[in-house]
Structure formats: structure tokens, C-alpha cells
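What follows is a single structure, written as C-alpha cells, with notes after it.
In the working numbering, the protein residues as written are 0 to 199.
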């Protein structure tokens, strides 16, 4: 989760994340979040109108964090500090950065399915916006890769935007039924290798 300008707000969001993961969205109350944070319920209401606003703030924060990390990976910036030289490797790292944290929430919490459903219900606009932004980030990376001769879009009869859409939709589909993040990462690796083998 990204750092927030207001430490108390950040603490509330961190506590809410813990409570939602532990008990699910429906069973978690504002009182539960207040106790987890170590503040009064009135103090929480001075920062958030209700539980739904807290959930949306958490979702927005995670989307911003994953988009930023994914863009960095596509530029070759590794979390370990080294450079990722191959396009397929950079894209794989970006997809893990973008989707991995969400997959963790869904697979590691006993209430993952409920949280996923609530995210779609309460944050559908945030989800759609972040999907569009990620595809735009991917398209920019594919244009750069084409100019650098890493992929041949013309020979494949595809545009950078078309490739970005295929990568995004393919990766999103690989989340379905994955019991854990490790399985998702394994699927992503195979998908990326096969996909880019056809664009060289």
C-alpha cells in the first residue's frame, strides 16, 4: 500500500485491510476497524464517511501502487535494483506487479471471493479506469519495443494497442481458478514465453 500524506488515515486503511482479510467486508464494522487502529470510532468518521469509502480508498491505493510498479518493470527497473534486458522478462515482471497483489488478497484470505465481489460492486469504475490505464502503459511499451526491434508488429499484423489488449486480457484470464500466487506466476511465465515467441 502506498504511503499516505496523513499517517492516521494510512493507519486506518492498514487496519481495515487486516480486518477485511480476516473477517470479510460484510462482517467487518467501523468499530472493528477503530479497535484494530487503536482509535475511537468518531476519529475514523472524521476521515471516512463509511466502510464503503474505506474500501474504495484501499482499492484505489492498491490500483495506483500496482500500476506504478508495473510501469517501472516495463521500463526495466527491477525491484532488486538490476535491469531486465529482455522484453518478455520485463512484461512478465510487469504483469506480476500489476495482478499479483490482487491475486494475493483473493487466494490468501478465506473471504477472498467476497472481497473480489465487493471490489467489483463498489469499485467498478476504479477497476475499469485502471484496466484502461494499464493497457495504455502496455501499448506505450510495445511501441518502444517495436522501434527498438524487439518485436515485429508489422509481420504479425498487429498494432501496439492490439498487442497490449491481448496481453492484458490473457493475463487477466490466467487468474481464474489459480489456487495461489505461485500457480498464477507459473501460468504467466508460460503465457508470456509463448506469446512473444510469435512476435519475434
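Just so it is clear, CB atoms sit at the ideal spot from N, CA and C, and this is done for glycine as well.
Contact check between the region 184-192 and the region 141-150: fewer than three CB pairs, one atom from each, fall below 8 Å, which does not count as touching. Nearest Cα to residue 98 within the set 21, 168, 109, 18: 168. The count of Cβ pairs closer than 8 Å, one atom from the region 157-171 and one from the region 56-64, stays below three, leaving the stretches out of contact. Between residue 65 and residue 179, the CB-CB gap reaches or exceeds 9 Å. For residue 103, the CB contacts under 6 Å within the same chain, skipping 5 residues up- and downstream, are 180 in chain order.
With a cutoff of 9 Å on beta-carbon distance, residue 72 and residue 89 are scored as near each other. Within the region 14-76, complete alpha helix (DSSP H) segments of at least 4 residues are found at 29-36, 40-44, 50-73, given in chain order. One alpha carbon belongs to residue 111, the other to residue 156, and they sit about 39 Å apart. Excluding sequence positions up to five before and after residue 17, its CB lies within less than 7 Å of the CB of 35, all in the same chain and listed in chain order. Look at residue 158 here: in three-state DSSP terms it is coil, with no helix or strand label. Residue 141 and residue 85 have their alpha carbons spaced roughly 13 Å apart.
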